[in-house]
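The structure appears below as structure tokens.
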Amino acid sequence: MSVISTFFNYIFSSKKILYREIRKITGFYPGNFSLYETALIHKSASYADSKGKAVNNERLEYLGDAILGAVIADYLYHKFPGADEGFLTQIRSRIVSREKLNELAQLIGLRELIVANTGKYTTQKNMYGDALEAFIGAIYIDQGFVKTGRFIRKHIVKEYIDITEILNTDHNFKSKLIEWGQKHKKEVEFVTRLEDEESKVFLSFIKIDSISYGSGTGISKKDAEQRAAKEAMDRINVGSSQKTE
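Counting with my numbering, you get residues 8 to 252 for the letters of the sequence shown.
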């Protein structure tokens, strides 16, 4: 029995439980079970095999990211035959955004299955989206592209993606905040820096007329600034009649 299997047996009491959970999520029984185990191990767990080699889901995440993007691109291409490249790219980016993937991972039931040292990472909720991509990578290696595409369309897009809602929702908080500042003659400043070298966490502050109005962290500069902008917008009630003093 592998070290990974032993660890999962300890967490889930029986390998069969995790096996059934994967069956429940995917709709099929996994062939190469160890792929799915690896897909659920976040790097923060600092896990290693018997040879001392790190075991985590980063490689599967990389693969799953590409597969998910391709399947969603194909889905949108056929759903909107008259749409241009810019429109399709924008909608795809919203569907595969980190925030949306974090939400989807929890909706399909991956959250409780992830192995991680949550105290080590301030942006631990991003692990959910990472695990979803890794899980998709595992399905691809185990079952092939056709079955992976079927899983994404049936168990993710059909069940949890509301295209109408996505079309009607603008998630570009930074752009909206800057537009608000221009309209109300307010100076909006973004101050962003790399907060944690090890986990690559960025921290962003929003200043409006030199007064701090919000902050946010993220795994990229863009992500941190979007989170900070949303917090600032919530505070100043952008979209209502209220204004900053």
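Glycine included, every Cβ here is placed at the ideal spot set by N, Cα and C.
Residue range of the alpha helix (DSSP H) that includes residue i
i	result
G82	Correcting the residue type first, residue 82 is Tyr in the shown sequence and not Gly. Where Y82 is concerned, the enclosing alpha helix (DSSP H) stretches over 65 to 86.
D203	Run containing D203: none in the alpha helix (DSSP H); it sits in the beta strand (DSSP E), 195 to 203.
A55	Taken as a continuous stretch (DSSP letters only), A55 belongs to no alpha helix (DSSP H), as it is neither H nor E.
I163	Taken as a continuous stretch (DSSP letters only), I163 belongs to no alpha helix (DSSP H), as it is neither H nor E.
N124	Note, N124: premise wrong, no alpha helix (DSSP H); not H, not E.
D230	228 to 243
I173	170 to 174
R30	22 to 33
K107	105 to 114
D91	Unbroken run through D91: none, as it is neither H nor E.
E140	133 to 150
Anticipated Cβ contact below 8 Å, residue i with residue j, distance rounded
i	j	result
K181	Q233	6 Å
L47	N64	7 Å
N179	G136	Not confirmed; about 19 Å, so no contact.
L25	G144	Not really, about 17 Å apart at Cβ, beyond 8 Å.
D230	R105	6 Å
F209	K192	F209 to K192, Cβ: 29 Å. No contact.
Bounding residues of the beta strand (DSSP E) (the contiguous stretch that carries residue i)
i	result
I48	Neither: I48 is in no beta strand (DSSP E) and is coded neither H nor E.
E186	From DSSP, E186 is part of no beta strand (DSSP E) but of the alpha helix (DSSP H) over 180 to 190.
K214	208 to 215
I218	218 to 225
Beta-carbon spacing of residue i, residue j below 9 Å
i	j	result
I213	E238	yes
M240	K183	yes
I115	E166	yes
N124	A52	yes
S217	A235	no
Q113	F35	no
E6	G225	Here the chain covers residues 8 to 252 and nothing more, so residue 6 does not appear.
F152	I74	yes
F197	S211	yes
T45	I146	no
I148	W187	no
The stretch 114 to 122 contacting the stretch 35 to 42, beta-carbon criterion three pairs below 8 Å: no
query: Are the stretch 62 to 79 and the stretch 157 to 172 in contact at 8 Å, needing three or more beta carbon pairs?
result: yes
message: For the stretch 164 to 173 against the stretch 95 to 106, do three or more pairs of beta-carbon atoms, one drawn from each stretch, fall closer than 8 Å, so that the two count as touching?
response: The stretch 164 to 173 vs the stretch 95 to 106: in contact.
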